[in-house]
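Below is one structure, written out as structure tokens; comments come after it.
Protein chains in written order, with my numbering: chain A, 65 to 552; chain B, 38 to 532.
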């Protein structure tokens with residue numbers, strides 16, 4: 065099951081004692097969203113009826129042969145370049161092992177000659193994580209084990225759907241450079257952002273088009289040793305990446321503290337229980353007997369192809385953050401959310417159209433979480449200019465914005481249709497002075513030392529003004545005038 | 038001498054049949070019926086076929102006849118019966134590799150080569166017997182019983198494409214297809230007195246050929262004449278989008294120089310296979326090799342000996358590379374999706390039980406050998422070293438071709454041996470391919486041309502080897518040998 069159980073930030077997470085350090089490497093599988101599979105013409109589609117997107121080749125029938133999907137190689141090389149990798153002529157290799165949902169009983173992957181190697185990625189927090197390799201391989205089918213505890217060992221029977229068999233994957237292997245659970249989440253988040261910016265995958269962890277396995281070990285802080293690691297599988301969301309790593313690291317520390325040590329094994333993250341459990345125990349280290357795939361020829365990109373790939377790479381999240389931060393006058397980390405949502409270009413265009421950068425960021429972060437809808441950068445800029453020019457209060461701006469997203473109308477038209485006339489500040493001054501004169505007791509309490517009571521009275525005066533202006537007054541301006549009367 | 042049922046081209050060779058059918062002198066249906074009658078008469082003795090496609094063949098022949106009646110062009114192989122090695126997929130027709138593991142499996146698709154033959158009007162008449170998964174040199178390693186040599190029913194036809202070689206020698210079909218991984222076309226061609234061609238690796242699509250060793254396997258024809266072999270080659274060769282290892286070029290025009298003679302061509306006899314370096318090549322085979330060289334010299338070729346030193350390491354290198362690839366290729370026969378499934382208490386036990394029951398001894402031996410050759414800690418010493426030898430052999434051949442247009446060697450170290458003679462000792466059996474294996478390792482083309490008989494009166498073939506994509510000159514020289522034999526009284530089974 066790939067459904068995320070998001071426990072939110074309120075769940076208590078174990079803390080890592082200061083004298084311990086995490087050593088984490090991530091293996092991220094990304095399903096490339098090519099039209100067809102890696103080695104045949106079958107549709108690469110999620111959610112079809114079982115065993116409908118299959119042919120002799122992706123079923124591994126005797127006599128069938130693979131033919132490399134050029135689009136998959138191109139996607140792989142684009143992601144490689146975006147991850148600052150060296151892109152080399154890749155050689156496909158057979159990884160020999162047996163599993164019922166793997167039709168040929170070997171996986172066509174890459175071994176000693178991956179397409180991409182030796183790259184890096186900077187997280188939004190500015191931490192550089194080195195990338196060992198990003199290689200092309202095929203996905204397996206999907207088993208559903210019926211009966212028992214849901215694993216193959218105890219099942220009464222198993223159903224296999226080969227629709228996913230042969231779907232192109234890119235496996236991105238990080239170096240063990242990650243030192244905290246937060247860094248791991250930031251790495252996955254950044255990688256996902258790059259994948260989405262390139263458009264090479266929809267990278268949905270809940271549908272399995274992005275899958276993360278974490279190799280976790282711990283060591284005394286300051287040491288450079290590499291201790292026994294465990295591979296954690298079945299991590300189904302970015303927040304689970306952090307939780308699973310944190311829990312697993314704590315398990316290792318507890319073992320060391322009690323004089324024991326972890327054994328090298330594959331473990332499964334149990335989101336409900338908030339712990340990892342041992343997976344299928346492997347008595348022997350698996351020997352995959354790799355050798356070059358004789359049915360495929362090496363993938364040698366020409367200089368022209370590489371140049372075209374470089375030219376096709378869009379502005380990536382890191383550069384988007386920098387550009388937005390600069391344009392809006394904010395910290396780069398504060399641009400993360402907008403970049404992550406894919407709205408950086410929109411924000412930059414709105415700023416270029418004359419909108420105040422700070423307000424652009426505030427509205428995108430707080431009021432446009434569900435998307436910009438029919439808003440255009442220009443119409444958005446016009447609205448913000450009305451707001452910063454004092455023509456609309458922030459409450460009114462929000463209301464107009466919501467309608468613009470829905471209908472695509474112009475800010476001025478919607479504001480006028482709603483009767484949001486600009487309040488003259490002088491008119492407001494007069495109204496407030498009259499209100500103070502008519503409510504001397506309340507005014508005295510507003511100016512008094514009882515802070516709570518003063519706050520209550522601030523609410524009284526603001527409320528009266530809003531009532532009188534039918535909500536057209538700007539609450540902030542009212543507060544400013546009240547304070548200036550009190551202090552002045 | 039025991040019974041001889043050989044009758045190659047019993048009803049004419051492929052070229053003769055195609056032209057007479059196209060001209061309306063006889064119908065494809067009549068041609069097919071003649072062949073089916075001959076099969077009916079002698080198949081029990083020869084056992085060339087695993088599956089006979091009599092009904093399908095009659096229907097296909099009727100369709101060809103209708104096309105001719107409708108004035109359509111019937112194709113270059115109109116009405117020509119063709120026998121297919123039973124490791125090539127035929128849609129809806131059992132394809133067994135002579136293994137119990139594929140019991141009951143009918144492929145949902147057809148191999149490219151067969152589609153191409155049928156498109157030219159050829160009529161598949163049956164699926165021929167082979168050593169299980171093409172592993173063997175006598176067609177005795179078949180789950181369905183051995184095939185007999187039509188020239189002597191007590192002898193083997195060679196292998197692994199023994200059924201396809203025997204079918205042509207017995208006159209069951211004028212042409213057939215085999216596959217050659219280490220000599221599986223050329224050695225049985227030699228033993229059955231027919232022409233057998235292993236094209237350049239990549240010249241012919243492997244799509245639909247059930248893989249034994251993917252980097253070595255190549256499909257080729259068995260025929261009764263060099264001209265028929267050239268015709269078959271031209272029909273089946275050429276690029277195929279379904280096979281990434283297929284050379285991106287059309288079929289070479291191998292028929293173009295069949296009558297050109299060999300005047301001025303440089304012919305090199307491979308020293309290592311012409312005497313004492315590689316042991317076990319019988320005297321009568323070497324005598325026929327010398328006779329072939331003499332015939333070419335008499336026809337104007339320059340003949341000399343040339344050393345291709347690393348060919349002596351071909352056999353050990355082959356028995357690392359081929360089983361290694363086979364161990365991976367055959368992993369899919371696990372009882373999960375098709376073929377034989379034996380009961381087991383869990384999936385792994387079912388896999389093991391299915392393979393134990395489904396694979397024969399030689400297949401199991403090679404899977405184990407190949408698994409070992411690829412294992413961690415051994416891969417570099419075995420598989421890795423074998424790949425280095427492979428590169429050396431290719432380089433040695435290429436060097437020889439700087440001075441020679443073609444090379445000559447025996448195709449098989451001996452004439453057909455008795456059934457059961459070599460089954461006890463696998464190594465003795467492996468030595469049958471000592472002359473043919475180097476071409477598979479290098480990828481170069483090679484073919485066996487009948488060139489007389491041995492002391493026992495049984496056929497002997499001479500192997501003509503050529504550089505990469507050198508099929509035109511290879512066929513040219515083969516045609517010259519055939520012509521030289523035409524007047525030789527030692528020719529067996531001839532007209």
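We treat Cβ as the ideally placed atom computed from N, Cα and C, and that holds for glycine.
Among the options, the one whose alpha carbon lies nearest that of residue i
| i | options | result |
| --- | --- | --- |
| residue 430 of chain B | B:478, B:397, B:440 and B:268 | B:478 |
| residue 41 of chain B | B:354, B:348 and B:186 | B:186 |
| residue 295 of chain A | A:531, A:341 and A:142 | A:341 |
| residue 172 of chain B | B:469, B:499 and B:488 | B:469 |
| residue 87 of chain B | B:129, B:49, B:74 and B:135 | B:135 |
| residue 459 of chain A | A:239, A:255, A:530 and A:384 | A:530 |
| residue 464 of chain B | B:317, B:494, B:275 and B:182 | B:317 |
| residue 223 of chain A | B:323, B:402 and B:384 | B:384 |
| residue 391 of chain A | A:418, A:372 and A:263 | A:418 |
| residue 205 of chain A | A:503, A:118 and A:241 | A:118 |
| residue 208 of chain A | A:316, A:199, A:219 and A:202 | A:219 |
| residue 338 of chain A | A:142, A:313, A:141 and A:234 | A:313 |
| residue 161 of chain B | B:115, B:137 and B:133 | B:115 |
| residue 222 of chain B | B:242, B:196 and B:106 | B:196 |
| residue 324 of chain B | B:142, B:458 and B:448 | B:448 |
Supposed contact pair residue j and residue i - C-beta distance, whole angstroms, cut 8 Å
| i | j | result |
| --- | --- | --- |
| residue 486 of chain B | residue 501 of chain B | 6 Å |
| residue 227 of chain B | residue 496 of chain B | 7 Å |
| residue 424 of chain A | residue 414 of chain A | 5 Å |
| residue 399 of chain B | residue 169 of chain B | 7 Å |
| residue 210 of chain B | residue 119 of chain B | 6 Å |
| residue 231 of chain B | residue 517 of chain B | About 18 Å; that fails the 8 Å criterion. |
| residue 285 of chain A | residue 291 of chain A | The Cβ separation is near 13 Å, so there is no contact. |
| residue 126 of chain B | residue 215 of chain B | Going by Cβ atoms, the distance from residue 126 of chain B to residue 215 of chain B rounds to 15 Å, so no, they are not a contact pair. |
| residue 299 of chain A | residue 276 of chain A | 5 Å |
| residue 311 of chain A | residue 78 of chain A | 6 Å |
| residue 69 of chain B | residue 54 of chain B | Not a contact, Cβ separation roughly 10 Å. |
| residue 207 of chain B | residue 83 of chain B | 5 Å |
| residue 91 of chain A | residue 187 of chain A | Residue 91 of chain A to residue 187 of chain A, Cβ: 17 Å. No contact. |
| residue 395 of chain B | residue 370 of chain B | 7 Å |
Cβ-based burial, residue i [other Cβ within 10 Å; buried from 16]
| i | result |
| --- | --- |
| residue 544 of chain A | exposed |
| residue 254 of chain B | buried |
| residue 280 of chain B | buried |
| residue 307 of chain A | buried |
| residue 103 of chain B | exposed |
| residue 484 of chain B | buried |
| residue 62 of chain B | exposed |
| residue 221 of chain A | exposed |
| residue 73 of chain A | In this prediction, residue 73 of chain A has a pLDDT of 45, which is less than 50 and means its spatial position is unreliable; nothing more can be read from the coordinates. |
| residue 265 of chain B | buried |
| residue 82 of chain A | exposed |
| residue 370 of chain A | exposed |
Where the segment 229-246 of chain A meets chain B: residues whose CB sits under 9 Å from a CB there
none
Jot down the residue ranges of each uninterrupted beta strand (DSSP E) in the segment 447-523 of chain B, minimum 3 residues, whole runs only, in chain order.
When DSSP assignments are scanned along the segment 447-523 of chain B, the uninterrupted stretches of beta strand (DSSP E) that are 3 or more residues long and fall wholly within it turn out to be 483-490 and 496-502.
Closer than 7 Å, Cβ to any Cβ of chain B: which residues of the segment 155-185 of chain A, in chain order?
Going along the segment 155-185 of chain A in chain order, one finds 158, 160, 162, 164, 167, 168, 169 and 170 with a Cβ nearer than 7 Å to chain B.
Output, in sequence order along the chain, the residues in the segment 226-253 of chain B whose CB is closer than 9 Å to any CB in chain A.
Only 242, 243, 244, 245, 246, 247, 248, 250, 251, 252 and 253 from the segment 226-253 of chain B bring a Cβ to less than 9 Å from some Cβ of chain A.
Output, in sequence order along the chain, the residues in the segment 369-385 of chain B whose CB is closer than 9 Å to any CB in chain A.
369, 370, 371, 373, 374, 375, 376, 383, 384 and 385
List in chain order: all unbroken beta strand (DSSP E) runs of 3+ residues lying wholly within the segment 271-351 of chain B.
303-307 and 339-343
Give the residues from the segment 252-285 of chain B that approach chain A closer than 8 Å (Cβ to any Cβ), ordered along the chain.
252, 278, 279, 280, 281 and 282
Can you list the beta strand (DSSP E) stretches of 3 or more residues lying completely in the segment 187-234 of chain A, in chain order?
192-202, 206-210 and 221-225
At what residue ranges does the segment 128-182 of chain A contain a whole run of the alpha helix (DSSP H), taking only runs of 4 or more?
134-146
Which whole runs of the alpha helix (DSSP H) in the segment 367-425 of chain B are 4 residues long or more, in chain order?
384-395 and 398-411
Which residues, taken in chain order from the segment 260-291 of chain A, show a beta carbon closer than 9 Å to some beta carbon of chain B?
none
Give me the subset of the segment 171-186 of chain B whose CB atoms are less than 9 Å from a CB atom of chain A, sorted by chain position.
none
Can you pull out the residues from the segment 130-143 of chain A whose beta carbon lies closer than 8 Å to at least one beta carbon of chain B?
130, 131 and 132
Which ranges would you report for the beta strand (DSSP E) in the segment 311-369 of chain A if only whole runs of at least 3 residues count?
330-334 and 339-342
Which residues of the segment 195-208 of chain A have a Cβ closer than 8 Å to any Cβ of chain B? Give them in chain order.
none
Going along the segment 390-420 of chain B in order, which residues come within less than 8 Å of chain A, judged by CB to CB distance?
Answer in chain order: 408, 411, 412, 413, 416 and 420.
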